[in-house]
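Engineer: Take this structure first; my questions come after.
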Amino acid sequence: MLKEKWQARNREKRLQQQEAVRSEYSMIRKPTNVLFNAIMILLSLISVIPFIFVIIISLTDENALAMNGYRFIPEKWSLHAYNYILESGESILRSYGVTILVTVLGTVIGLFLIGTYAYALSRKTYAYRSFFTKVITIPMLFSGGMIANYLVVTKVLMLKDTIWALILPLCMNSFNIIVLRTFFKTSIPDAVVESAKIDGASEWRLFFKIVIPMALPGLATIGLFLTLGYWNDWFNAMMYIDNQDLIPLQYLLIKIESSMDFLISNKAMMGIDGITAAANLPKETIKMAIVVISTLPIIFAYPFFQRYFVNGLTIGAVKE
983 MLKEKWQARN REKRLQQQEA VRSEYSMIRK PTNVLFNAIM ILLSLISVIP
1033 FIFVIIISLT DENALAMNGY RFIPEKWSLH AYNYILESGE SILRSYGVTI
1083 LVTVLGTVIG LFLIGTYAYA LSRKTYAYRS FFTKVITIPM LFSGGMIANY
1133 LVVTKVLMLK DTIWALILPL CMNSFNIIVL RTFFKTSIPD AVVESAKIDG
1183 ASEWRLFFKI VIPMALPGLA TIGLFLTLGY WNDWFNAMMY IDNQDLIPLQ
1233 YLLIKIESSM DFLISNKAMM GIDGITAAAN LPKETIKMAI VVISTLPIIF
1283 AYPFFQRYFV NGLTIGAVKE
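Residues in the sequence shown are numbered from 983 upward in steps of one, following the numbering used here.
What follows is the structure in structure tokens.
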């Protein structure tokens, strides 16, 4: 009895000593903490200042910009670049609506297709896992090319001048599938899946009620990739969309910039009035205004996804 108490006391003392050593080495000293904070502040400023500078340039008067160059505090402020873009009025609002619709629908559809595909590949009991893994690997190595894609979308699927021509070509991605499959394999314990099946859960109920809540960090990452891809996409609109009512924001802004460049390049052919009009165009500031208009809305998506970038939600899901 005394021997057992002595062993327990020694064991407790060793644990206390180990905890003290661990606390000593894991504690960040104040000078080091100040240094780390200074480094993080510097890195944050390096990331934020360029975008702030773009906003300042977009609000700078074109003539002052030409005379004085780029400055953080411009000599003269102006909204001429934004007024030039907003002269499109209804077109801008319509393009915003198209882009938001495409982004939301595409992200939801893409997450469903990628999530189900990746989850099936992550299950060891799926008989055709090897075959479908090879299927998604092939597009990463070989591609049919632009002409083949155009023929499939326009002639086979008959999607030209439809909203689906902006959604379906981007909703599946081999890289995203592989990333999410790896996340499922490493973060969803087999014991959780087996326990749910023993309790009588179907595959769909297992996927929506158990797998998705546990895989939110991975799904949020893929959702962010999809959101950025759809929001910044203009190439599919250039290839498949002729209907002016279906032009997304990015493609509309590119058309505005191209029209302005054409006017500036050919001002000599338009007479005195054309030269005067071209001279008053915001040549440099409008490019920065386009960046601001196309970037600001997507910034608001980051806080939504950021809240899910946490370490695994599977901690404690399986009781040892």
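Glycine included, C-beta positions come from ideal geometry on N, C-alpha and C.
Of the choices Lys1167, Asp1227, Thr1136, Gly1079, whose alpha-carbon is the least far from that of Thr1107?
Structural biologist: Of the candidates Lys1167, Asp1227, Thr1136, Gly1079, the one whose C-alpha sits nearest the C-alpha of Thr1107 is Lys1167.
Engineer: Can you tell me the Cα-Cα spacing of Glu1176 and Asn1131, whole angstroms?
Structural biologist: Rounded to the nearest angstrom, the two C-alpha atoms are 41 Å apart.
Engineer: Counting C-beta neighbours from all protein chains within 10 Å, is the total for Asn1019 16 or more, i.e. buried, or is it exposed?
Structural biologist: Exposed, because fewer than 16 other Cβ atoms sit within 10 Å of the Cβ of Asn1019.
Engineer: Check whether the region 1050-1065 and the region 1212-1219 are in contact - that is, three or more C-beta pairs closer than 8 Å.
Structural biologist: Touching, no, given that fewer than three Cβ pairs across the two stretches are closer than 8 Å.
Engineer: For Phe1282, collect the residues of the same chain with a Cβ closer than 8 Å to its Cβ; drop the 5 residues on either side in sequence, then sort them by chain order.
Structural biologist: If we look at Phe1282 and ignore the five residues flanking it on each side, it has no Cβ neighbours.
Engineer: Counting only runs of 4+ residues fully inside the region 1005-1052, write out the alpha helix (DSSP H) ranges in chain order.
Structural biologist: Counting whole runs of 4 or more residues, the region 1005-1052 contains the alpha helix (DSSP H) stretches 1012-1040, 1044-1050.
Engineer: Closer than 7 Å by C-beta to Ala1178: which residues in its own chain qualify, once you throw out the five before and the five after it? Chain order, please.
Structural biologist: Closer than 7 Å at the Cβ level, and outside the excluded window around Ala1178, lie Leu1188, Ile1192.
Engineer: DSSP three-state label for Trp1146, please.
Structural biologist: Trp1146: helix per DSSP, three-state reduction.
Engineer: Would you mind listing the beta strand (DSSP E) stretches within the region 1098-1143 that are 3+ residues and don't spill past its ends, in chain order?
Structural biologist: Entirely contained in the region 1098-1143, not one beta strand (DSSP E) run reaches 3 residues.
Engineer: If you drop the 5 nearest sequence neighbours on each side, which residues of the same chain put their C-beta closer than 7 Å to that of Tyr981?
Structural biologist: Outside the displayed span of the chain (983 to 1302) sits residue 981, for which this structure offers no information.
Engineer: Classify Pro1151 as buried or exposed, calling it buried when 16 or more other Cβ atoms lie within 10 Å of its own Cβ.
Structural biologist: Counting Cβ neighbours within 10 Å, Pro1151 comes out buried, since at least 16 surround it.
Engineer: Would you list the residues sitting across from Trp1216 in a DSSP beta bridge?
Structural biologist: Trp1216 pairs with nothing; no bridge assigned.
Engineer: So, using beta-carbon positions, are Phe1190 and Ala1100 closer together than 9 Å?
Structural biologist: The answer is no: Cβ separation not under 9 Å.
Engineer: Closest to Phe1207 by C-alpha separation, out of Leu1068, Pro1195, Leu1162, would be which residue?
Structural biologist: Closest by alpha carbon: Leu1162.
Engineer: According to DSSP, Trp1059 sits in a beta bridge with which residue or residues?
Structural biologist: Answer is Thr1042.
Engineer: Output the distance between the C-alpha atoms of Leu1027 and Leu1083, rounded to the nearest integer angstrom.
Structural biologist: Between Leu1027 and Leu1083, the C-alpha separation is close to 33 Å.
Engineer: Inspect the beta-carbon positions of Lys1235 and Ile1272 and report whether they are closer than 9 Å.
Structural biologist: It is worth fixing the name first, because residue 1235 is Leu in this sequence and not Lys. Yes, Cβ-Cβ distance for Leu1235 and Ile1272 is below 9 Å.
Engineer: Should Tyr1110 be labelled buried (16 or more other beta-carbon atoms within 10 Å of its own) or exposed?
Structural biologist: Tyr1110 comes out exposed.
Engineer: Please state if the CB of Met1154 and the CB of Leu1095 are separated by a distance shorter than 9 Å.
Structural biologist: Closer than 9 Å, so yes.
Engineer: Check whether the Cβ atoms of Leu1024 and Val1080 sit closer than 9 Å, and answer yes or no.
Structural biologist: No. Outside cutoff.
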